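Going by my numbering, the residue at position 27 of the sequence shown is 328; the numbering climbs one at a time, nothing skipped.
I have placed the structure first, in the form of structure tokens, so that the comments after it can refer back to it.
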Amino acid sequence: MAIRVEHLNHIYGQGTAFEQYALKDVNFTIEDGQFVGLIGHTGSGKSTLIQHLNGLLRASSGAIYYNDENIYSDGYDMKALRSKVGLVFQYPEHQLFEVDVFSDVCFGPKNLGLPKEEIEARAKEALTQVGLDESFYTQSPFELSGGQKRRVAIAGVLAMHPEVLILDEPTAGLDPKGRDEILDEISALHKEKHMTIILVSHSMEDMARYADRLLVMNHGEKVFDDVPKNVFKHYKELEKMGLAAPQITYVVHELREHGVRIADDLTTVEEARDAILKALKRQ
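Written as structure tokens, this is what we have:
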């Protein structure tokens, strides 16, 4: 198993009058090769949680195991953990700083002490994986578009050859075409490399389309942990948390109320289309 979280708590301002739980008794296990979606309203604890998974934040109490080793045990190699559990921040500017794209992507493998040939080979492979060709290598990362910056940030993590890739809102602010391109590339990495993916997103449509499993956070607590179809059945409870289900979920329930005999767990346009066509043929 890749990641196991046990009774994780994170308290801001512990011991003061401003003490507040950011995470409260969170428990879950993520197996190797899963594509996990993480959702929750602003302030639910999503970003705090993912920063614990590669040791950027330390829990107030509880434990995190990576490949059955407690990352809080004495002498644990956090540098090695961060090379295996890669985190791409919501704002790519936070992790871009070199003079050109190629140097930026080379930075991580260089810190691993790898030979120059392997560093450059990894950088070229990673940039290809995110759809950036050689014409981008000498460009300043700060002169790129928002979508291109995100691709460079993802490539910089991929060049480390992580086993787990965590992405915090990787498509925020992108147009539909750019969003689909990035998510399709992430999905391809998951399928081809059997990489474990943890995706934070506010788009329920994206979660329904790509994730195998959803974790739902609310006020620092994990409230749902299931396949998307089952989670979105609780759409009224999700609404109370400031969330929603995919738009097609509401369409399906409206159709059912008007007598159309289709399943109540349809979450994608393609599923709904096929079900509606079958229902019409039965009439």
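Glycine included, C-beta positions come from ideal geometry on N, C-alpha and C.
Since we're looking at a predicted model, the values are computed, not measured.
Are the region 522-534 and the region 353-363 touching, with three or more C-beta to C-beta distances below 8 Å?
no
Who are N310's beta bridge partners in DSSP?
Counting from 1 along the sequence shown, the entry for residue 310 is found at position 9. Looking at the DSSP assignment, N310 forms a beta bridge with S362.
Going by the beta-carbon positions, is the gap between L428 and A456 smaller than 8 Å?
Counted from its first residue, the sequence shown places residue 428 at position 127. Counted from its first residue, the sequence shown places residue 456 at position 155. Yes, Cβ-Cβ distance for L428 and A456 is below 8 Å.
Own chain partners of D566 with C-beta closer than 8 Å, once the 5 adjacent residues on each side are dropped:
The residue you call residue 566 lines up with position 265 of the sequence shown. Excluding residues within five positions, the ones whose Cβ falls inside 8 Å are K530, N531, F533, K534.
Quick one: complete beta strand (DSSP E) runs, 3+ long, within the region 363-391?
386-389
Beta-carbon separation of A323 and H311 under 8 Å?
Along the sequence shown, read from residue 1 onward, the residue named residue 323 stands at position 22. Along the sequence shown, read from residue 1 onward, the residue named residue 311 stands at position 10. Against a cut-off of 8 Å, the Cβ pair of H311 and A323 comes out as a contact.
Can you give me the start and stop residues for the alpha helix (DSSP H) that A323 sits inside?
Walking along the sequence shown from the start, residue 323 turns up at place 22. Here A323 belongs to no alpha helix (DSSP H); instead the beta strand (DSSP E) covers 321-331.
Going along the chain, which residues of its own chain have a beta-carbon closer than 6 Å to the beta-carbon of G437, five neighbours each way excluded?
Mapped onto the sequence shown, residue 437 falls at position 136. The question names Gly, but residue 437 in the sequence shown is Phe. If we look at F437 and ignore the five residues flanking it on each side, its Cβ neighbours are V402.
Own chain partners of N371 with C-beta closer than 8 Å, once the 5 adjacent residues on each side are dropped:
In the sequence shown, residue 371 corresponds to position 70, counting from 1. Cβ neighbours of N371 beyond the five flanking positions: A364, I365, Y377.
Neighbour-count burial assignment, S502, 16 or more Cβ in a 10 Å radius
As a working mapping, residue 502 is identified with position 201 in the sequence shown. Classification for S502: buried.
Can you tell which of F336, P471, Y313, E470 has its C-alpha closest to the C-alpha of K325?
Working through the sequence shown from its first residue, we reach residue 325 at position 24. For the residues F336, P471, Y313, E470, the minimum Cα distance to K325 belongs to Y313.
With H, G and I counted as helix, E and B as strand and the rest as coil, what does DSSP make of N355?
Residue 355 sits at position 54 when you count from the first residue of the sequence shown. If DSSP states are grouped into helix, strand and coil, N355 belongs with coil.
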